[in-house]
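**Student:**
There are 2 protein chains.
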Amino acid sequence: MFKAELTRIEILRKSFDLIYKNGYQATSIDEILATTKVTKGAFYYHFKSREEMGMALISDVMHKELWPAVKKSISTTKDFRKNLYKMLRNLLIEHPVLTCEYGCPSVNLIQEMAPLHEHFRKALKKNLSEWQKVIEEEIVRAQSAGQLSADHDSQNIALYVITLYHGARNMGKVLGKAYYMTFLGEFDNYLHSLK
Amino acid sequence: MFKAELTRIEILRKSFDLIYKNGYQATSIDEILATTKVTKGAFYYHFKSREEMGMALISDVMHKELWPAVKKSISTTKDFRKNLYKMLRNLLIEHPVLTCEYGCPSVNLIQEMAPLHEHFRKALKKNLSEWQKVIEEEIVRAQSAGQLSADHDSQNIALYVITLYHGARNMGKVLGKAYYMTFLGEFDNYLHSLK
DNA sequence: ACATTTCCATACCGATTAGTATGGCGCAAA
DNA sequence: TTTGCGCCATACTAATCGGTATGGAAATGT
Numbered sequence: 713m714f715k716a717e718l719t720r721i722e723i724l725r726k727s728f729d730l731i732y733k734n735g736y737q738a739t740s741i742d743e744i745l746a747t748t749k750v751t752k753g754a755f756y757y758h759f760k761s762r763e764e765m766g767m768a769l770i771s772d773v774m775h776k777e778l779w780p781a782v783k784k785s786i787s788t789t790k791d792f793r794k795n796l797y798k799m800l801r802n803l804l805i806e807h808p809v810l811t812c813e814y815g816c817p818s819v820n821l822i823q824e825m826a827p828l829h830e831h832f833r834k835a836l837k838k839n840l841s842e843w844q845k846v847i848e849e850e851i852v853r854a855q856s857a858g859q860l861s862a863d864h865d866s867q868n869i870a871l872y873v874i875t876l877y878h879g880a881r882n883m884g885k886v887l888g889k890a891y892y893m894t895f896l897g898e899f900d901n902y903l904h905s906l907k
Numbered sequence: 713m714f715k716a717e718l719t720r721i722e723i724l725r726k727s728f729d730l731i732y733k734n735g736y737q738a739t740s741i742d743e744i745l746a747t748t749k750v751t752k753g754a755f756y757y758h759f760k761s762r763e764e765m766g767m768a769l770i771s772d773v774m775h776k777e778l779w780p781a782v783k784k785s786i787s788t789t790k791d792f793r794k795n796l797y798k799m800l801r802n803l804l805i806e807h808p809v810l811t812c813e814y815g816c817p818s819v820n821l822i823q824e825m826a827p828l829h830e831h832f833r834k835a836l837k838k839n840l841s842e843w844q845k846v847i848e849e850e851i852v853r854a855q856s857a858g859q860l861s862a863d864h865d866s867q868n869i870a871l872y873v874i875t876l877y878h879g880a881r882n883m884g885k886v887l888g889k890a891y892y893m894t895f896l897g898e899f900d901n902y903l904h905s906l907k
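For the protein sequence lines, the chains are L and W, in the order given. Count along the first sequence from 1, then add 712; that gives the number in my numbering. Count along the second sequence from 1, then add 712; that gives the number in my numbering.
(1) Suppose you measure from the CA of Tyr877(W) to the CA of Ala716(L); what does that come to, to the nearest Å?
(2) Counting pairs of Cβ atoms below 8 Å between the region 896 to 907 of chain L and the region 889 to 906 of chain W, do you hit three or more?
(3) Taking CB distances under 8 Å as the criterion, tell me whether Phe895(L) reaches chain W.
(4) Kindly give me the distance between the Cβ atoms of Tyr814(W) and Pro827(L), rounded to whole angstroms, as I take these residues to be in contact under 8 Å.
(5) If you drop the 5 nearest sequence neighbours on each side, which residues of the same chain put their C-beta closer than 8 Å to that of Leu860(L)?
(6) Any C-beta of chain W sitting closer than 8 Å to the C-beta of Gly879(L)?
(7) Below 8 Å on the Cβ atoms is my contact criterion, and I expect Ile744(L) with Ile723(L) to pass it. Report the Cβ-Cβ distance as a whole number of Å.
(8) Have a look at the DSSP bridge pairing and note the partners of Thr811(L).
(9) With 8 Å as the threshold, decide whether the Cβ of Ser905(L) is near any Cβ in chain W.
(10) Can the beta-carbon of Glu848(W) be found closer than 8 Å to that of Ala870(W)?
(11) Would you be able to state if there are at least three C-beta pairs under 8 Å between the region 749 to 757 of chain W and the region 772 to 782 of chain W?
(12) What are the residues of the region 720 to 736 of chain W that lie near chain L, defined by any Cβ-Cβ distance shorter than 8 Å?
(13) What did DSSP end up calling Gly888(L) once you bin it into helix, strand or coil?
(14) Quick one: grab the DSSP three-state call for Thr748(L).
(15) Look at the alpha carbon of Lys885(L) and the alpha carbon of Tyr736(W), and state the distance between them as a whole number of angstroms.
(16) Starting from Arg833(L), find everything on chain W with Cβ-Cβ shorter than 8 Å and list it in chain order.
(17) My understanding is that Pro808(L) touches Met774(L), with C-beta atoms under 8 Å, so please give their C-beta distance in whole angstroms.
(18) Answer yes or no: the CB of Gln823(W) versus the heavy atoms of the ligand MG, is any distance below 7 Å?
(19) Could you check the C-alpha separation between Glu777(L) and Ser787(L) for me, to the nearest Å?
(20) Whole beta strand (DSSP E) runs in the region 759 to 813 of chain L with 3 or more residues, listed along the chain?
(21) Measuring only the C-alpha atoms, how far is Thr747(W) from Phe895(L)?
(22) Counting only beta-carbon atoms, is Lys837(W) nearer than 8 Å to chain L?
(23) If Asn882(W) sits next to Ile822(L), beta carbons under 8 Å apart, how far is it from one beta carbon to the other, in whole angstroms?
(24) Ordered along the chain, which non-local residues of its own chain (more than five positions away) have a Cβ less than 6 Å from that of Ile988(L)?
(25) Quick check: Asn687(W) and Gly897(L), are their CB atoms within less than 8 Å of each other?
(26) Out of Glu764(L), Leu796(L), Lys760(L), point me to the one whose CA is closest to His829(L)'s CA.
(27) In the DSSP assignment, find the alpha helix (DSSP H) that holds Lys907(W) and state where it starts and stops.
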């Protein structure tokens, strides 16, 4: 009941690493086992299939470990523009695990798996909704504080900001880290265009 | 010198279909052969490896067939806002081949392959640069015509627009086609915020 | 007519894949 | 002490992978 949980986590962590760098479909179980001390018997004791492990990865690792970092990246100054800007900046530039080269695990998985597995799509959508919700609250707060016109649809803006992040993660893979800076510049322009 | 070119194209077209829907790494040569009348001997006569076929796919199919559609999607009215809006709208909504579910082949390949194969990254970057260039010209034209302040950096805006497209393609996979409309609404707001 | 090259078909290879079958170790309850 | 269960190790399978070897039909040049 204790040691077992450790091996389960070891499997998920290594899987996360490999899938983050090589993609879900390109990461084999044997490769995971080869780079850990876990054997195949242990793997199939904890997960009844490869797909179930993928689902556990989304809900356990990505949701429970990565998501808090996202939430923490949101400052709470009075200026909502500053808060949203810093949020994206923290995620793009300062994140301790994510790199420009390999992008964002969530974005990657959406791109690769959303059309192929409905379970995956729904699980990833759930992650997305939580982020969206937090951004929405920040928008609404700004509107209540008179920093932003109430005409704006908070949901639309929230989704738009997330869309920008997803796009930047994709473009960064081609253009390199330098692009993150020019992107953030334009993002700042956008935020200040919101009246 | 004639029939041979046909089989080459048949290979590339079917490869494009499968890779577009399932991803590059998940598409096997055997699967391509199974769904065409092409044999393995023919395949390896035209391409010395799987990777070379992938490169040919980027330069031949995507560049020579998809790219003209992109270029055609750009209207040439006087209003640059209208032109850019319609460009994204055409690509997202009206494109005859691309679907919301499977996204954009270029975006997909960038996400999957840019970190893994430097050749791929460069070839995809080249595609991107052409699109960027066309958008830049539209921005510059608008600036010369006094529709837009010369303070704006045309390159940054062009990349920003492409970033938005990439993000929308990604988000669409999770949220479905309906999101394209709300996205386009926010994109329109952005365009009109450019003074 | 013959020779040569282009283009493709078939059979095969070793490596790798997801998944299974089975056995055993350690520990707690009886 | 024995029984049972949680946890894992080893060995295996059938299928599939990218790639090769080889032979031959069809077109082409001489």
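Note that beta-carbon positions come from the ideal geometry of N, C-alpha and C, so glycine has one too.
**Tutor:** With the structure as the only source:
(1) Locating residue 877(W) in the second sequence gives position 165, counting from the first residue. Locating residue 716(L) in the first sequence gives position 4, counting from the first residue. Rounded to the nearest angstrom, the two C-alpha atoms are 45 Å apart.
(2) The region 896 to 907 of chain L is in contact with the region 889 to 906 of chain W.
(3) The sequence position of residue 895(L) within the first sequence is 183, counting from 1. With 8 Å as the cut-off, Phe895(L) counts as an interface residue toward chain W.
(4) Within the second sequence, residue 814(W) is the residue found at index 102, counting from 1. Within the first sequence, residue 827(L) is the residue found at index 115, counting from 1. The beta-carbon distance between Tyr814(W) and Pro827(L), rounded to whole angstroms, is 5 Å. This is short enough to meet the 8 Å contact definition.
(5) As a first step, residue 860(L) must be located in the first sequence, where it is residue number 148. Within the same chain, Leu860(L) has close Cβ partners Phe792, Ile851, Ala854, Leu906, Lys907.
(6) Residue numbering aside, residue 879(L) sits at position 167 when the first sequence is read from its first letter. It does: the Cβ of Gly879(L) has a partner Cβ on chain W nearer than 8 Å.
(7) Translated into the one-based positions of the first sequence, residue 744(L) becomes position 32. Translated into the one-based positions of the first sequence, residue 723(L) becomes position 11. Rounded, the Cβ-Cβ distance is 7 Å, consistent with contact.
(8) Indexing the first sequence from 1 puts residue 811(L) at position 99. Answer by DSSP bridge pairing, in chain order: Gly815(L).
(9) The sequence position of residue 905(L) within the first sequence is 193, counting from 1. Chain W, which has a Cβ nearer than 8 Å to the Cβ of Ser905(L), makes this yes.
(10) To locate residue 848(W), count along the second sequence from 1; it is residue 136. To locate residue 870(W), count along the second sequence from 1; it is residue 158. Annotated as proximal: Glu848(W) and Ala870(W), with beta-carbon spacing under 8 Å.
(11) With contact defined as three or more Cβ pairs closer than 8 Å, the region 772 to 782 of chain W and the region 749 to 757 of chain W are not in contact.
(12) Within the region 720 to 736 of chain W, the qualifying residues are Lys733, Asn734, Gly735.
(13) As a working note, residue 888(L) is residue 176 in the first sequence. Look at Gly888(L) here: in three-state DSSP terms it is coil, with no helix or strand label.
(14) For this step, residue 748(L) is matched to residue 36 along the first sequence. In the structure shown, the three-state DSSP call for Thr748(L) is coil.
(15) Here residue 885(L) refers to the residue found at position 173 when the first sequence is read from its first residue. Here residue 736(W) refers to the residue found at position 24 when the second sequence is read from its first residue. Straight-line Cα distance between these residues: approximately 17 Å.
(16) For the purposes of this step, residue 833(L) is taken as the residue at position 121 of the first sequence. Ordered by position in chain W, the residues that pass the 8 Å Cβ test against Arg833(L) are Lys885, Val886.
(17) Taking the first residue of the first sequence as position 1, residue 808(L) is located at position 96. Taking the first residue of the first sequence as position 1, residue 774(L) is located at position 62. Actually they do not touch by this definition, with Cβ atoms about 15 Å apart.
(18) Annotation note on the ligand MG: not contained in the displayed structure, which lists no ligands.
(19) On the first sequence, position 65 is the one that residue 777(L) refers to. On the first sequence, position 75 is the one that residue 787(L) refers to. For Glu777(L) and Ser787(L), the gap between their C-alpha atoms comes out near 19 Å.
(20) Runs of the beta strand (DSSP E) lying entirely within the region 759 to 813 of chain L and spanning at least 3 residues: none are present.
(21) For this step, residue 747(W) is matched to residue 35 along the second sequence. For this step, residue 895(L) is matched to residue 183 along the first sequence. Each residue's Cα considered, the two are about 42 Å apart.
(22) Locating residue 837(W) in the second sequence gives position 125, counting from the first residue. Yes, Lys837(W) lies at the interface with chain L (some Cβ there is under 8 Å from its Cβ).
(23) Walking along the second sequence from the start, residue 882(W) turns up at place 170. Walking along the first sequence from the start, residue 822(L) turns up at place 110. About 6 Å; that satisfies the 8 Å criterion.
(24) Past the edges of chain L, shown from 713 to 907, lies residue 988(L), and the structure says nothing about it.
(25) Given that chain W is displayed from residue 713 to residue 907, the structure contains no residue 687(W) and the question cannot be resolved.
(26) As a first step, residue 829(L) is located in the first sequence; it is residue number 117 there, counting from the start. Looking at the Cα atoms, Glu764(L) is the closest of the given residues.
(27) Position 195 of the second sequence holds residue 907(W). In the DSSP annotation of this structure, Lys907(W) is not part of any alpha helix (DSSP H), being labelled neither H nor E.
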